[in-house]
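Participant: Sharing a structure, written as structure tokens. Questions coming.
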Amino acid sequence: MINITLPDGSTRKVESGTTAYDVAMDISEGLARNVLAAEVNGEVWDPQREIRSDASLKLLTWNDDAGKSTLWHSSAHLLAEALESLYPGVKFWVGPPIEHGFYYDVDFGDQTFTDKDFTAVEQKMLELAKTKNPFIRKEISKAEAITYFTEKGDEYKLDLLEGLEDGTITLYTQGNFTDLCRGPHMPHTGFVKAAKVMSIAGAYWKGDESNKQLTRVYGITFPKKQELTAYLELLEQARARDHRKLGKEMDLFAFSEKVGQGLPLWLPKGAELRSRLEDFLKEAQRKAGYQGVITPHIGNKELYITSGHYAKYGADSFQPIQTPAEGEEYLLKPMNCPHHCEVYKARPRSYRDLPVRFAEFGTVYRYEQSGELHGLTRVRGFTQDDAHIFCTADQVKEEVSNVIDLVLYIFDILDFKDFVVQVSLRDPENPEKYIGSDENWEKAERAIQEVAEEKGLNTIVELGEAAFYGPKLDFMVRDAIGRKWQLGTVQIDYNLPERFELEYVGADNSKHRPVMIHRAPFGSMERFVAILIEHCAGKFPLWLTPEQVKILPISDRFNEYAKGVSKVLENHDIRALVDDRSEKVGKKIRDAELEKIPYMLIVGESEAAEGTVSVRRQGEGDVGGMSVEAFAERIRSEIAEMLKKKD
RNA sequence: GCCGAUGUAGCUCAGCUGGUAGAGCAACGCAUUCGUAAUGCGUAGGUCUGCGGUUCAAGUCCGCAUAUCGGCUCCA
Numbered sequence: 000m001i002n003i004t005l006p007d008g009s010t011r012k013v014e015s016g017t018t019a020y021d022v023a024m025d026i027s028e029g030l031a032r033n034v035l036a037a038e039v040n041g042e043v044w045d046p047q048r049e050i051r052s053d054a055s056l057k058l059l060t061w062n063d064d065a066g067k068s069t070l071w072h073s074s075a076h077l078l079a080e081a082l083e084s085l086y087p088g089v090k091f092w093v094g095p096p097i098e099h100g101f102y103y104d105v106d107f108g109d110q111t112f113t114d115k116d117f118t119a120v121e122q123k124m125l126e127l128a129k130t131k132n133p134f135i136r137k138e139i140s141k142a143e144a145i146t147y148f149t150e151k152g153d154e155y156k157l158d159l160l161e162g163l164e165d166g167t168i169t170l171y172t173q174g175n176f177t178d179l180c181r182g183p184h185m186p187h188t189g190f191v192k193a194a195k196v197m198s199i200a201g202a203y204w205k206g207d208e209s210n211k212q213l214t215r216v217y218g219i220t221f222p223k224k225q226e227l228t229a230y231l232e233l234l235e236q237a238r239a240r241d242h243r244k245l246g247k248e249m250d251l252f253a254f255s256e257k258v259g260q261g262l263p264l265w266l267p268k269g270a271e272l273r274s275r276l277e278d279f280l281k282e283a284q285r286k287a288g289y290q291g292v293i294t295p296h297i298g299n300k301e302l303y304i305t306s307g308h309y310a311k312y313g314a315d316s317f318q319p320i321q322t323p324a325e326g327e328e329y330l331l332k333p334m335n336c337p338h339h340c341e342v343y344k345a346r347p348r349s350y351r352d353l354p355v356r357f358a359e360f361g362t363v364y365r366y367e368q369s370g371e372l373h374g375l376t377r378v379r380g381f382t383q384d385d386a387h388i389f390c391t392a393d394q395v396k397e398e399v400s401n402v403i404d405l406v407l408y409i410f411d412i413l414d415f416k417d418f419v420v421q422v423s424l425r426d427p428e429n430p431e432k433y434i435g436s437d438e439n440w441e442k443a444e445r446a447i448q449e450v451a452e453e454k455g456l457n458t459i460v461e462l463g464e465a466a467f468y469g470p471k472l473d474f475m476v477r478d479a480i481g482r483k484w485q486l487g488t489v490q491i492d493y494n495l496p497e498r499f500e501l502e503y504v505g506a507d508n509s510k511h512r513p514v515m516i517h518r519a520p521f522g523s524m525e526r527f528v529a530i531l532i533e534h535c536a537g538k539f540p541l542w543l544t545p546e547q548v549k550i551l552p553i554s555d556r557f558n559e560y561a562k563g564v565s566k567v568l569e570n571h572d573i574r575a576l577v578d579d580r581s582e583k584v585g586k587k588i589r590d591a592e593l594e595k596i597p598y599m600l601i602v603g604e605s606e607a608a609e610g611t612v613s614v615r616r617q618g619e620g621d622v623g624g625m626s627v628e629a630f631a632e633r634i635r636s637e638i639a640e641m642l643k644k645k646d
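Sequential numbering of the first sequence, starting at 0, is according to numbering that gives the first Met the number 0.
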């Protein structure tokens with residue numbers, strides 16, 4: 000007999016060899032029907048696997064993340080089975096569960112697979128699901144496994160086998176499909192009640208650009224039909240918030256084939272919004288002791304040879320600009336750091352001057368791969384809210400800490416709650432990708448991790464994500480459909496100060512090397528505005544929005560009064576427009592609502608007579624009448640409320 | 001850059017297997033002067049992304065280019 004401890008702390012005595020499924024059956028048949036996997040001593044197992052020693056047990060269903068993953072992982076096998084039956088001879092690489100669904104990397108050989116074939120695959124999957132084929136686990140020796148996949152002619156699985164140790168190899172079979180897999184899997188295919196092939200894409204084998212591309216088939220499945228419908232609806236809603244769609248609808252920005260790929264044009268309303276954000280940050284930075292600098296858009300090639308950027312990125316950048324002078328070359332600036340280093344060097348620095356913080360909204364140009372361009376989030380010309388802090392080694396932690404506070408302050412004001420702080424360190428496997436001494440790297444990596452910990456940030460550590468000159472702390476935020484983007488960033492850099500031979504005179508009257516901190520709280524204006532649009536679905540906070548108020552006269556007879564109201568509001572620094580078209584007020588309201596203008600003021604006979612306005616809030620409806628002055632005060636206090644966290 | 005898909009009026013889209021382009025909204029004009037999500041009538045707007053090719057005939061078929069979209073790779 001063995002003891003099974005359940006999450007509520009209760010213990011059951013059962014025969015050795017009992018499965019999680021048996022335990023679930025013992026609790027209730029309904030529960031057993033829904034068990035997809037089981038956590039046994041912290042490890043996720045097949046529910047049908049026999050437990051042979053005392054164990055803690057948690058039954059996992061669709062409501063648990065691990066349960067979902069198990070369903071999706073098993074669904075990847077189901078997809079593979081369907082593909083194998085429809086496209087005999089296809090070869091499989093790997094098919095893991097992902098955040099929403101799963102994929103399988105497939106080599107279709109000479110056969111073609113397009114989005115027109117999705118429905119057939121979905122039907123096949125459901126047909127196979129209905130048979131309720133059990134997933135059967137089998138432990139086998141490496142030699143047997145090699146024989147099996149050699150006979151099948153599956154070189155990808157043989158490649159996988161090479162990396163596996165004998166004695167740890169398992170196969171899973173459902174119906175006619177057998178896969179090399181460590182599991183776990185759900186009891187049988189019948190759990191899948193809805194299946195959708197979402198998309199296909201090319202994916203390099205083993206993620207390496209020099210390898211051939213396999214076809215990655217993305218899918219998602221659900222244990223209930225209506226969950227699929229709900230999921231697709233949710234996706235649809237998310238797409239409605241896409242900044243590319245809203246940016247066009249709201250006249251914020253545009254692209255032009257003639258101007259060039261990835262080079263955004265900010266339209267008047269977008270420019271207005273952006274400059275308000277810039278003003279907001281400038282004010283916060285002024286209080287935090289930053290000094291503005293301005294540097295040119297180009298720099299001599301030597302500048303980037305010195306910084307090391309030329310060696311690293313020169314070949315993949317916009318190519319040097321030639322001048323009439325023989326051999327003279329300039330680069331469109333891809334980053335501001337080298338310029339700021341030269342700003343630092345403009346005069347001798349004393350330890351008493353440090354830290355110095357040079358800030359610049361610096362527009363940079365990077366020749367991103369064409370396939371990488373994406374709305375405003377990945378572009379070839381963008382403006383960084385950049386600053387470089389030059390300080391002593393002792394000051395690093397405090398400066399990094401202050402930068403983090405600044406980022407958190409901005410996120411707080413804009414109500415960004417769903418973010419992850421990523422600590423980006425070197426890839427220990429590829430030290431040649433980085434410049435600078437190990438000693439400095441270790442110092443910088445330690446400093447960044449210590450500050451993150453002291454701040455109590457919820458961090459994840461990513462190896463290999465560091466910049467080539469130093470580790471980073473990145474604030475990652477999701478867009479409407481869940482893709483992660485880096486916004487705020489802080490980077491510690493011991494290398495550029497060396498390369499540029501930056502110095503300051505210490506209290507000991509000798510020369511020392513400062514540490515450089517790169518930072519951008521927004522990341523770039525383009526990406527930040529993109530995420531902001533998606534975050535608020537185009538309904539910008541009152542203090543930021545380009546148009547705060549629209550005045551809607553009931554008829555042309557009240558246009559004059561409306562203009563008077565607009566003047567008063569203008570005097571209160573409120574951004575108001577009059578809709579003086581000869582349209583019915585219902586139409587004007589509808590248009591203003593669709594334009595997402597926060598306040599509508601309806602004015603007609605009675606308002607003109609009494610000097611009032613009828614206030615309507617976007618998305619909420621009629622708020623009631625008040626004097627123009629009272630309305631102005633309402634706006635003023637609402638904005639003050641939004642920004643009050645400021646002090 | 002790679003794999004795949006897409007590109008028709010300012011916007012959203014229709015246009016079957018090739019026969020010479022259409023709707024709604026927006027714009028403009030006229031009428032209407034209106035009370036909290038669409039007033040009516042009318043007008044104008046398109047070398048169907050571009051360049052080549054096949055054909056008696058191409059928005060439709062083919063090739064190349066270009067841009068966009070979904071991924072991969074990349075991201076100073």
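Ideal Cβ placement from N, Cα and C applies to all residues, glycine included.
Leaving out five residues before and five after A310 in sequence, what residues of the same chain have Cβ atoms less than 8 angstroms from its Cβ?
Facilitator: Start at 1 with the first residue of the first sequence, and residue 310 comes out as number 311. Answer for A310: I304, listed in chain order.
Participant: Under the rule that 16 or more other beta-carbon atoms within 10 Å means buried, what is A144, buried or exposed?
Facilitator: The residue you call residue 144 lines up with position 145 of the first sequence. Its Cβ being crowded by 16 or more others within 10 Å, A144 is buried.
Participant: Got a sec, what are the start and stop residues for the alpha helix (DSSP H) L5 sits in?
Facilitator: Position 6 of the first sequence holds residue 5. That residue, L5, is in no alpha helix (DSSP H); it is neither H nor E in DSSP.
Participant: Could you say if the stretch 129-136 and the stretch 149-167 meet the contact criterion of at least three C-beta pairs nearer than 8 angstroms?
Facilitator: Not touching, per the Cβ criterion.
Participant: Assign F292 to one of two classes, buried (16 or more other C-beta atoms within 10 Å of its C-beta) or exposed (fewer than that).
Facilitator: Taking the first residue of the first sequence as 1, we reach residue 292 at position 293. A quick correction: the sequence has Val, not Phe, at residue 292. When all chains shown are included, V292 counts as buried.
Participant: In this structure, how does DSSP classify R11 when only helix, strand and coil are distinguished?
Facilitator: Residue mapping note: residue 11 aligns to position 12 of the first sequence, counting from 1. R11 falls in the strand class under three-state DSSP.
Participant: Have a look at the DSSP bridge pairing and note the partners of H387.
Facilitator: Locating residue 387 in the first sequence gives position 388, where the first residue counts as 1. H387 is bridged to F357 and H517.
Participant: Looking only at its own chain, which residues have a Cβ that is under 8 angstroms from the Cβ of Q200, when we skip the five neighbours before and after it?
Facilitator: Within the first sequence, the letter at position 201 stands for residue 200. Before going further, note that residue 200 is Ala rather than Gln in the sequence given. For A200, where only same-chain residues beyond five positions count, the Cβ hits under 8 angstroms are T214, R215 and Y217.
Participant: Thinking C-beta only, is I516 closer than 9 angstroms to V399?
Facilitator: Working through the first sequence from its first residue, we reach residue 399 at position 400. Working through the first sequence from its first residue, we reach residue 516 at position 517. Yes, the Cβ-Cβ distance between V399 and I516 is below 9 angstroms.
Participant: Do you know how far the Cα of Y364 is from the Cα of E371?
Facilitator: Taking the first residue of the first sequence as 1, we reach residue 371 at position 372. Taking the first residue of the first sequence as 1, we reach residue 364 at position 365. C-alpha separation (whole angstroms): 14 angstroms.
Participant: For K587, is the classification buried or exposed, using 16 other Cβ atoms within 10 angstroms of its Cβ as the cut-off for buried?
Facilitator: Looking up residue 587 in the first sequence gives position 588. With 16 or more Cβ atoms within 10 Å of its Cβ, K587 is classed as buried.
Participant: Rounded to whole angstroms, how far is the Cβ of F357 from the Cβ of H339, which I believe are closer than 8 angstroms?
Facilitator: Your numbering for residue 357 matches position 358 in the first sequence. Your numbering for residue 339 matches position 340 in the first sequence. So it is a contact: roughly 5 angstroms between Cβ atoms.
Participant: Leaving aside the five residues before and after D250 along the sequence, list all residues of the same chain whose C-beta is less than 6 angstroms from its C-beta, in chain order.
Facilitator: Position 251 of the first sequence, counted from the start, is the residue given in the question as residue 250. Here the set comprises L266 and K268.
Participant: Considering only residues of the same chain and omitting the five flanking positions on each side of K549, which have a CB-CB separation below 6 angstroms?
Facilitator: Residue numbering aside, residue 549 sits at position 550 when the first sequence is read from its first letter. If we look at K549 and ignore the five residues flanking it on each side, its Cβ neighbours are L576, D578, A591, I596 and M599.
Participant: Give me the Cα-Cα distance between G380 and E359, rounded to the nearest whole angstrom.
Facilitator: Reading the first sequence from its first residue, position 381 is the one you call residue 380. Reading the first sequence from its first residue, position 360 is the one you call residue 359. Cα to Cα, G380 sits roughly 16 angstroms from E359.
Participant: Should H296 and T362 be called a contact, given that it needs their Cβ atoms to be closer than 9 angstroms?
Facilitator: On the first sequence, residue 296 is found 297 positions in, with the first residue counted as 1. On the first sequence, residue 362 is found 363 positions in, with the first residue counted as 1. Yes, they are a contact pair.
Participant: If you compare alpha carbons, which of I480, G505 and E83 is closest to M124?
Facilitator: By 1-based counting over the first sequence, the position of residue 124 is 125. Of the candidates I480, G505 and E83, the one whose C-alpha sits nearest the C-alpha of M124 is E83.
Participant: Over the uninterrupted alpha helix (DSSP H) stretch that includes P267, give me the two end residues.
Facilitator: Along the first sequence, one-based indexing puts residue 267 at 268. Segment P267 to K286, the alpha helix (DSSP H) holding P267.
Participant: Count the other CB atoms, across all protein chains shown, that sit within 10 Å of the CB of D178; report buried if there are 16 or more and exposed otherwise.
Facilitator: Reading the first sequence from its first residue, position 179 is the one you call residue 178. Buried, because 16 or more other Cβ atoms sit within 10 Å of the Cβ of D178.
Participant: Could you tell me the alpha carbon to alpha carbon distance between W61 and S68, rounded to whole angstroms?
Facilitator: Translated into positions along the first sequence, residue 61 becomes position 62. Translated into positions along the first sequence, residue 68 becomes position 69. About 9 angstroms.
Participant: Going straight from the alpha carbon of D621 to that of G455, what length do you get?
Facilitator: Here residue 621 refers to the residue found at position 622 when the first sequence is read from its first residue. Here residue 455 refers to the residue found at position 456 when the first sequence is read from its first residue. Their backbone Cα atoms lie some 44 angstroms apart in a straight line.
Participant: Can T220 and A239 be called in contact, C-beta distance under 9 angstroms?
Facilitator: Position 221 of the first sequence holds residue 220. Position 240 of the first sequence holds residue 239. No, Cβ-Cβ distance for T220 and A239 is not below 9 angstroms.
Participant: How close, in whole Å, do the beta carbons of V528 and L272 come, if the pair is a contact with beta carbons under 8 angstroms?
Facilitator: In the first sequence, residue 528 corresponds to position 529, counting from 1. In the first sequence, residue 272 corresponds to position 273, counting from 1. About 7 angstroms; that satisfies the 8 angstroms criterion.
Participant: Would you call the CB atoms of K471 and V460 closer than 9 angstroms?
Facilitator: By one-based count along the first sequence, residue 471 stands at place 472. By one-based count along the first sequence, residue 460 stands at place 461. Contact flag unset, no.
Participant: Quick one: Cα of Q51 to Cα of T10, how far?
Facilitator: Translated into positions along the first sequence, residue 51 becomes position 52. Translated into positions along the first sequence, residue 10 becomes position 11. For the sequence presented, residue 51 should be read as Arg rather than Gln. Taking the straight line joining both Cα atoms gives about 15 angstroms.
Participant: With a 10 Å radius around its C-beta and 16 neighbouring C-beta atoms as the bar for buried, classify P347 as buried or exposed.
Facilitator: As a first step, residue 347 is located in the first sequence; it is residue number 348 there, counting from the start. Flag for P347 reads exposed.
Participant: Are the stretch 498-517 and the stretch 531-548 touching by the rule of at least three beta carbon pairs closer than 8 angstroms?
Facilitator: Segments in contact, no.
Participant: So within the stretch 132-183, which uninterrupted beta strand (DSSP E) runs reach at least 3 residues, ignoring any that extend past its ends?
Facilitator: Here the runs fully enclosed are 135-138, 169-173 and 176-179.
Participant: Pull the bridge partners of H187 from the DSSP assignment, please.
Facilitator: Reading the first sequence from its first residue, position 188 is the one you call residue 187. Per DSSP, P133.
Participant: Throw me the rounded Cβ distance for the E98 and G481 pair, which I believe falls under 8 angstroms.
Facilitator: Locating residue 98 in the first sequence gives position 99, where the first residue counts as 1. Locating residue 481 in the first sequence gives position 482, where the first residue counts as 1. Correct: roughly 7 angstroms between the Cβ atoms.
Participant: On the CB-based measure, 16 or more other CB atoms within 10 Å of its CB, does M185 come out buried or exposed?
Facilitator: Your numbering for residue 185 matches position 186 in the first sequence. With 16 or more Cβ atoms within 10 Å of its Cβ, M185 is classed as buried.
Participant: Which complete beta strand (DSSP E) runs does the stretch 440-522 hold, if anything under 3 residues is left out?
Facilitator: Complete beta strand (DSSP E) runs here, min 3: 458-462, 471-477, 483-492 and 514-519.
Participant: Take every Cβ of the stretch 601-618, pair it with every Cβ of the stretch 542-561, and state whether three or more of those distances are shorter than 8 angstroms.
Facilitator: Yes: at least three Cβ pairs fall under 8 angstroms.
Participant: In the DSSP assignment, find the unbroken beta strand (DSSP E) run with E328 in it and report its ends.
Facilitator: To locate residue 328, count along the first sequence from 1; it is residue 329. Its beta strand (DSSP E) spans residues E328 to L331.
Participant: Among all the DSSP beta bridges, which residues are the ones paired with G218?
Facilitator: Translated into positions along the first sequence, residue 218 becomes position 219. Its beta-bridge partners are F101 and V196.
Participant: Taking all protein chains shown into account, decide if S73 is buried (16 or more other Cβ within 10 angstroms of its Cβ) or exposed.
Facilitator: Here the question's residue 73 lines up with position 74 in the first sequence. Burial call: buried.
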